[in-house]
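Residue 0 is where the sequence shown starts when you use numbering that gives the first Met the number 0, and the numbers rise one by one after that.
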Amino acid sequence: MLQLRTFLLLQILAFLPATASAELLLDLPPILAGALKNSGTCTPVSNPFSFSGLQWTVRSGSGGPGPNNWAAENVCIDENGWLHLNITEDNGTWSSAEIQTVDSLGFGTYQFWIIGQTDTLDPNVTLGLFNYGTEDCIQEIDIELGALGSNSPIIPLHYSVYPNTEQATCPASCSASSGNCEACETGKYYCTTGGNYTLSGSYSTHRFTWQSTGIRFQSLHGHQDDDSNSFADWTYAASSSPIDVIPQSPLPVHINYWLFQGATPTDGKTPQEIIIRQFSYTPEP
Numbered sequence: 000m001l002q003l004r005t006f007l008l009l010q011i012l013a014f015l016p017a018t019a020s021a022e023l024l025l026d027l028p029p030i031l032a033g034a035l036k037n038s039g040t041c042t043p044v045s046n047p048f049s050f051s052g053l054q055w056t057v058r059s060g061s062g063g064p065g066p067n068n069w070a071a072e073n074v075c076i077d078e079n080g081w082l083h084l085n086i087t088e089d090n091g092t093w094s095s096a097e098i099q100t101v102d103s104l105g106f107g108t109y110q111f112w113i114i115g116q117t118d119t120l121d122p123n124v125t126l127g128l129f130n131y132g133t134e135d136c137i138q139e140i141d142i143e144l145g146a147l148g149s150n151s152p153i154i155p156l157h158y159s160v161y162p163n164t165e166q167a168t169c170p171a172s173c174s175a176s177s178g179n180c181e182a183c184e185t186g187k188y189y190c191t192t193g194g195n196y197t198l199s200g201s202y203s204t205h206r207f208t209w210q211s212t213g214i215r216f217q218s219l220h221g222h223q224d225d226d227s228n229s230f231a232d233w234t235y236a237a238s239s240s241p242i243d244v245i246p247q248s249p250l251p252v253h254i255n256y257w258l259f260q261g262a263t264p265t266d267g268k269t270p271q272e273i274i275i276r277q278f279s280y281t282p283e284p
C-alpha cells in the first residue's frame, strides 16, 4: 500500500513546480516524506560541479575545523538537484563533508534551505553555513548548527562574525549588539551569539544579509523567501570603524558537515544525512 501511495504522489509531484513539491512534503506523514525524498539516485560530485546555479569544489584530505578527514564521497546531488552531505565511518575512520564556491561573493543576502533535524544533531556534529577567506580569526561570517562543545544546556544555534582585521581587544560593537566576545586565538577576538530552538518539521531556512556596516542573521521554520515563521534573528552592527570589525572583501561560500574537535558521535552511530535543497545569493543593490 505504501508503495502505491508513494507512486501516486510521485506522479502528482512530477507536474508541480519545485516549490510546491517541497512544501507538499512538509504535510506528509514522515514515512511517506522520507520515501519521496530518498527516491531516485544521488550522484557523487567531482570538481568542479554545479549546484544552485553556481560552481563549487568538494574538499578532500584532512585539516580544520576539527581537525577532520574530508571525503568527496560524502557529497552527492540527487535527481531534484538537491545537495546531500554525510558523515561516514569506514573501518574505524570517520570522514566529513565540505564544499565551497569557486567564486568569491560580496555584500548581499545568503540563504540556505535545509532539510534535516538540525535541532537534534549529535552533540559532536556540526553543520556550517559560512563565508571564509584564507586566514583563521578574520574575515568570516558563520551560521553553525550544532552544540560546538556547549553542555548543560546544549546551545544548537550559533551566529558569528570575525573582524575584517585582527582585534586585540573585544570590539565595542559586540556588546552594543548584545553579542558575546570570544577569543579565536590568544589576542584575536570575534563576536558571536547563540540560542536554543525546536524545529516544527525537518525544513528550515537560514540566511545572513551582509552589508559594509553590519550583518543580519535569520533562521526560520520551513523554506521561506520572506521573514515569516522566524525563530532567531540577530543583527551585528558596527558602532564605529566598520572597516575594522565587518568583513569588507568578497569571500567564497562554504558548507560543511563535520565532527567537533574530530570527536566521534557520542552514540557511535553514523549521523543523519543533511540535505541542502537550495542556496541562493542576492547581491546588494
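By construction, the Cβ of each residue, glycine as well, lies at the ideal position given by its N, Cα and C atoms. All figures in this text were calculated on a predicted structure; none of them were measured in a lab.
Which whole-angstrom value describes the C-beta separation of residue i and residue j, a residue pair presumed to lie in contact below a C-beta threshold of 8 Å?
i, j, result
"Tyr-196", "Ala-231", "6 Å"
"Ala-98", "Val-124", "The displayed chain sequence assigns Ile, not Ala, to residue 98. The Cβ separation is near 17 Å, so there is no contact."
"Gln-271", "Gln-116", "6 Å"
"Cys-183", "Tyr-161", "7 Å"
"Gly-178", "Thr-192", "5 Å"
"Arg-206", "Gln-54", "With a Cβ gap of about 21 Å, Arg-206 and Gln-54 do not count as contacting."
"Thr-87", "Ala-70", "7 Å"
"Tyr-256", "Gly-107", "About 24 Å; that fails the 8 Å criterion."
"Thr-234", "Ser-174", "With 8 Å as the limit, Thr-234 and Ser-174 do not qualify as a contact, their Cβ atoms being about 14 Å apart."
Of the choices the options, whose alpha-carbon is the least far from that of residue i?
i, options, result
"Asp-77", "Gly-63, Thr-92, Ser-49, Ser-279", "Ser-49"
"Asn-79", "Ser-59, Gly-60, Gly-91, Ser-51", "Ser-51"
"Ser-203", "Cys-173, Leu-128, Asn-163, Lys-187", "Leu-128"
"Thr-40", "Arg-58, Pro-66, Leu-82", "Leu-82"
"Thr-92", "Ile-154, Gly-178, Asn-67, Leu-104", "Asn-67"
"Ile-273", "Glu-88, Gly-63, Ala-96", "Ala-96"
"Pro-284", "Ala-171, Pro-241, Ser-211, Glu-134", "Ser-211"
"Trp-138", "Thr-269, Pro-264, Ser-248, Asp-266", "Reading off the sequence shown, one finds Gln at residue 138, where the question assumed Trp. Gln-138 has its Cα closest to that of Ser-248, out of Thr-269, Pro-264, Ser-248, Asp-266."
"Thr-119", "Gln-166, Ala-70, Leu-198", "Leu-198"
"Ser-239", "His-220, Pro-170, Gln-277, Phe-278", "Pro-170"
Does residue i come out as helix, strand or coil in the three-state DSSP assignment?
i, result
"Thr-265", "coil"
"Ile-275", "strand"
"Lys-225", "The sequence given here places Asp at residue 225; Lys does not occur at that position. Asp-225 falls in the coil class under three-state DSSP."
"Ile-114", "strand"
"Pro-270", "coil"
"Glu-181", "strand"
List the endpoints of the continuous beta strand (DSSP E) containing residue i.
i, result
"Ser-49", "48 to 50"
"Gln-99", "96 to 100"
Identify every residue that forms a DSSP beta bridge with residue i.
i, result
"Pro-282", "Gly-107"
"Val-124", "Leu-258"
"Ser-211", "BP columns for Ser-211 are empty, so no partner."
Following the continuous alpha helix (DSSP H) through residue i, name the residue where it begins and the one where it ends.
i, result
"Ser-172", "171 to 175"
"Val-244", "241 to 244"
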